[in-house]
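Residue numbers (our numbering): 173 to 361.
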């Protein structure tokens, strides 16, 4: 028999891969535990080769490859720039707020012509901005960036479990609708 556990202690000190912080897994096969860090975004190690056994360090070659991969995957905007863009978008009247699903960007009136023929969501409300699952499409590759969207009944069930366990924080991986709901309650995600 084999088991797999996730160790969420000391998350802040875990190594990172290009997709973000890794999680520590403890895989026991016939009572023999093996501890390692792995990507939380990719189920298949071939999609993210940066797993690491506990106690080991990345080699110089892997550190260079990791640095290159992180640079390639780096967001086009910094957190500050994205926040400023959101602030500017929120200043628009709702009837002028559009989101391009094809490009995954806010569409401002002066750039609307660049999105002709694209999949556009019109009249993005403040509520939609705090619940992006209402207008952003889920990723569809279930081996990389898998996302699971739950209905209201399931989300309420999960929230009731979190409350019954008196959890102070929740780790949400690939569950944007659960993340939105838990975050709105004040529980740390």
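Even for Gly, the Cβ is constructed at its ideal location relative to N, Cα and C.
message: Taking the straight line between their C-alpha atoms, what separation do you get for residue 217 and residue 208?
response: 12 Å
- prompt: Nearest-angstrom Cα distance between residue 275 and residue 345?
  reply: 24 Å
query: How many angstroms separate the CA atom of residue 191 from the CA atom of residue 262?
result: Here the alpha carbons of residue 262 and residue 191 stand approximately 28 Å from one another.
query: Across which residues does DSSP place residue 294 in a beta bridge pair?
result: 270
contact_flag[the stretch 264-271, the stretch 284-293] where n(CB pairs < 8 Å) is 3 or more: Under the Cβ criterion (8 Å, minimum of three pairs), the stretch 264-271 counts as touching the stretch 284-293.
message: Check whether the stretch 347-355 and the stretch 327-335 touch, using three or more Cβ-Cβ pairs below 8 Å as the test.
response: yes
- request: Rounded to whole angstroms, what's the CA-CA distance from residue 202 to residue 224? Just pull it up for me.
  value: 22 Å
- prompt: Which value, in whole angstroms, describes the spacing of the CA atoms of residue 288 and residue 279?
  reply: Cα to Cα, the separation comes out at about 11 Å.
- request: Given a cut-off of 9 Å, decide if residue 196 and residue 182 are closer than it, judged by their beta-carbon atoms.
  value: yes
message: Going by the DSSP bridge assignment, what does residue 181 pair with across the sheet?
response: Paired residues: none, contrary to the question.
Buried/exposed call for residue 259, threshold 16 Cβ in 10 Å: exposed
- prompt: Which runs of the alpha helix (DSSP H), 4 residues or longer, sit entirely within the stretch 198-267?
  reply: You should have 232-245, 251-263.
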